[in-house]
């Protein structure tokens with residue numbers, strides 16, 4: 152493996168232009184979209200990004216918190232910059248990321264770039280807004296071993312720092328695409344993928360479905376569920392029978408129940 156370049160400078164000032172760029176990328180989605188970059192913190196997350204073909208433009212490390220020599224063989228970057236511990240504490244989004252921050256190149260997340268298995272198994276999330284829920288959905292999708300996660304009508308920047316944090320690397324381990332409902336409908340038809348929507352209308356218990364065929368499980372927001380527009384493209388709506396007095400559950404929990412029923416039917420891979 153090619154080693155990353157050794158540091159060529161050290162930064163201690165918050166007013167340094169490179170640090171200002173880092174903060175802009177952390178705070179503003181329009182800057183992330185324009186520059187096609189985002190920020191990742193933590194050795195585990197950065198390593199997962201590299202392992203899943205994300206390119207690291209700049210790697211910052213706090214000399215007193217992490218040993219550069221211990222990471223140089225596993226994380227490749229265009230440039231490596233040492234920063235003081237005091238500066239790290241000012242720019243770090245999280246409090247426990249081992250003194251390591253990276254500026255990473257974003258991906259396009261287009262439907263046509265997805266790679267499926269011979270028997271596709273997908274998770275679709277329509278218009279998710281809460282970063283914590285999106286991160287949890289990505290973790291759940293990773294655990295269930297889906298082929299891809301598709302965000303229909305996205306409302307939130309996928310590289311929002313809270314999504315990256317809450318996904319604990321799931322944003323890198325999943326194949327992710329974003330699309331409008333019309334684009335998604337054509338794509339699913341083209342690949343002969345059945346769509347099972349988590350909804351109350353015209354639904355059957357999820358345990359009655361045969362998930363062994365090419366399929367996608369679709370979930371909506373906790374507040375509104377799947378939209379009427381999306382329900383037009385579902386092949387069958389499914390429901391999780393509940394025994395309590397509360398008629399809803401967290402979207403990532405619901406997705407987990409549905410995905411793992413499908414995974415059980417399809418067989419677990421050891």
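Residue numbers (this note's numbering): 152 to 421.
Virtual Cβ for every residue (Gly too), placed ideally from N, Cα, C.
From a predicted model like this one, the values you see are computed outputs, not experimental measurements.
Closest Cα partner of residue i within the set the options
i, options, result
"residue 186", "256, 228, 239", "256"
"residue 177", "269, 312, 275", "312"
"residue 376", "362, 190, 402", "402"
"residue 334", "325, 277, 350", "277"
"residue 405", "329, 210, 288, 418", "288"
"residue 297", "352, 232, 418", "418"
"residue 269", "214, 363, 233", "363"
"residue 408", "397, 389, 395", "389"
"residue 373", "323, 285, 179, 260", "285"
"residue 326", "231, 381, 274", "274"
"residue 347", "315, 384, 341", "384"
"residue 226", "350, 293, 209", "209"
"residue 410", "361, 378, 216, 398", "361"
"residue 349", "397, 381, 168", "381"
"residue 393", "369, 358, 378", "358"
"residue 412", "378, 280, 368, 379", "368"
"residue 207", "192, 228, 219", "228"
"residue 295", "170, 272, 168, 397", "272"
"residue 266", "397, 338, 370", "338"
Residue range of the unbroken beta strand (DSSP E) whose run includes residue i
i, result
"residue 347", "345-349"
"residue 277", "272-277"
Bridge-paired residues (DSSP) for residue i
i, result
"residue 127", "Nothing can be reported for residue 127: it is not among the residues displayed for the chain, which extend from 152 to 421."
"residue 192", "252"
"residue 360", "None, per the DSSP bridge assignment."
"residue 209", "230, 254"
"residue 303", "277, 330"
"residue 376", "372"
"residue 292", "Note: residue 292 sits in no beta bridge, so no partner."
"residue 367", "273, 346"
Neighbourhood of residue i by C-beta, 7 Å cutoff - its chain only, sequence neighbours within 5 removed
i, result
"residue 101", "Summary: the structure shown does not reach residue 101, with the chain confined to residues 152 through 421, and so no result is reported for it."
"residue 195", "320"
"residue 343", "365"
"residue 291", "403, 406, 407, 410"
Delimiting residues of the alpha helix (DSSP H) encompassing residue i
i, result
"residue 161", "Premise fails: residue 161 lies in the beta strand (DSSP E), 160-162, not in any alpha helix (DSSP H)."
"residue 222", "219-222"
"residue 243", "Neither: residue 243 is in no alpha helix (DSSP H) and is coded neither H nor E."
"residue 324", "321-324"
"residue 415", "402-417"
"residue 181", "180-186"
"residue 313", "312-318"
Contacts around residue i, its chain only, beta-carbon distance under 8 Å, and the 5 residues preceding and following it disregarded
i, result
"residue 183", "176, 189, 257, 308, 310"
"residue 355", "387, 388, 389, 390"
"residue 399", "373"
"residue 217", "194, 249, 250, 251"
"residue 156", "Here residue 156 scores only 46 on pLDDT, less than 50, and its place in the model should not be relied on; the value that follows carries that caveat. Cβ neighbours of residue 156 beyond the five flanking positions: 228, 229, 230, 231."
heavy atom of the ligand NAD below 8 Å from residue i C-beta
i, result
"residue 397", "For the structure depicted, the ligand NAD is absent and the ligand set is empty, with no information on it obtainable."
Sequence-distant residues of the same chain with beta carbon closer than 6 Å to residue i, five excluded per side
i, result
"residue 205", "255"
"residue 329", "260, 302, 305"
"residue 152", "Because residue 152 sits at a pLDDT of 41, beneath the cut-off of 50, its placement in the model cannot be relied upon, and the following sentence gives the value as read from the coordinates. Nothing listed; no residue qualifies."
Checklist entry - How about the stretch 250-267 and the stretch 196-207: do they share at least three Cβ pairs that are nearer than 8 Å? => result yes
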